[in-house]
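**Student:** Here it is: the structure, laid out below.
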Amino acid sequence: MIKLICPDCQHENETERIYCHNCGARLDRTGLAKEKVEEGPAEQRAQQHLKKMFDPNRGKAKQIAFKLLKVVLGAVAVAAVIVMVLPPNLPAAPKNYDFAPLINMDMVSALSSHEPSSLRYEENQVNSYLAATLRRKDSPSQTGFFPLKRVFVQFQEGQCVIHIERRLLKLSIYSGSSYRVTIANGKIGGQSTGGYIGRMPIHPAIMKYADVIFGKAWDSLARERNSFSRLAGVEFHPQAVTLLVTR
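Numbers 10 to 256, taken from the working numbering, label the letters of the sequence shown in order.
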């Protein structure tokens with residue numbers, strides 16, 4: 010940095026002075042002016058940087074973008090909740106159910122005989138049995154904050170769709186999952202091929218983690234599930250199911 014030295018008394022002055030602070034002689038500022046010209050771009054950059062730092066509008070675009078993102082995510086979440094609450098297009102519950110066969114007793118009896126046999130039931134018979142099972146006094150279906158109102162099935166070729174209606178205050182919440190039969194290590198089971206909550210479809214890869222939705226239904230049908238797991242096979246056909254007791 011060039012020093013502003015008085016040519017008369019050799020006193021060193023501040024760079025902003027025009028006259029010497031000591032003797033009052035006029036100072037030669039040509040060297041200082043030249044230095045400012047040479048350092049101009051750097052000073053300008055420093056000034057621009059400081060201006061940006063103290064600019065009240067600095068970062069406003071990021072704030073607007075962040076707020077917009079929160080609004081969009083909130084709207085998506087609200088839309089998802091609405092879609093899950095809306096009832097899907099399902100058949101209405103019958104006012105009166107047909108006489109329900111004793112399906113679990115039939116399975117237990119057939120399994121105890123150890124004789125090759127099969128049991129065939131129509132879709133309406135199975136749904137009548139499910140309705141009667143949920144009405145049992147010892148059924149856990151009506152306990153808790155989110156009780157079961159209805160469980161019913163639909164049979165298609167090669168798969169079964171289980172629908173569940175639960176009550177939240179006076180609102181019905183529907184969910185369901187479709188299954189195809191699998192047999193591993195001699196044990197019969199089911200693999201989800203998809204599902205839904207309300208009108209929102211759920212991918213099969215996610216449905217395997219959503220078993221909590223069906224927890225109360227599985228608890229209410231614990232005896233039936235135990236007998237079902239001991240079967241040799243199950244065949245699903247349109248509006249009918251055949252249970253293979255032994256091979």
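Heads up, the beta-carbon is just placed ideally off N, CA and C, and yes, glycines get one too.
1. For residue 209, write down the residues that DSSP places opposite it in a beta bridge.
2. State whether the stretch 174-183 contacts the stretch 236-252, with contact taken as three or more CB pairs (one from each stretch) at a distance under 8 Å.
3. Are there three or more Cβ pairs, one per stretch, closer than 8 Å when the stretch 100-109 is compared with the stretch 223-232?
4. Over what stretch of residues does the alpha helix (DSSP H) that includes residue 132 continue unbroken?
5. Tell me which residues share the same chain as residue 217 and place their Cβ nearer than 8 Å to its Cβ, disregarding the 5 neighbours each side in the sequence.
6. Please report the straight-line C-alpha distance between residue 88 and residue 208, rounded to a whole angstrom.
7. Since residue 243 and residue 190 are thought to touch, with beta carbons under 8 Å apart, how far apart are those beta carbons, to the nearest angstrom?
8. So, with DSSP's three-state summary, where would you put residue 95?
9. With C-beta atoms as the reference, is residue 185 less than 8 Å away from residue 198?
10. So what does DSSP say about residue 118, is it helix, strand or coil?
11. Just curious, the alpha helix (DSSP H) that residue 158 is in, first and last residue?
12. Taking Cβ to Cβ, would you say residue 132 is nearer than 8 Å to residue 154?
13. Distance, Cα to Cα, residue 193 vs residue 141?
14. Would you tell me roughly how many angstroms separate the C-alpha atoms of residue 109 and residue 85, rounded to the nearest one?
15. Short check: CB of residue 128 to CB of residue 119, under 8 Å?
16. Using the C-alpha atoms, what's the distance from residue 125 back to residue 254?
17. Contact check, residue 196 vs residue 238 under 8 Å by CB: the rounded distance?
**Tutor:** Reading from the atomic positions:
1. 206
2. no
3. no
4. 132-143
5. 201
6. 11 Å
7. 5 Å
8. coil
9. no
10. helix
11. It is not in any alpha helix (DSSP H) - residue 158 instead sits in the beta strand (DSSP E) that spans 157-165.
12. no
13. 31 Å
14. Answer to the nearest angstrom: the Cα atoms are 44 Å apart.
15. yes
16. 6 Å
17. 6 Å
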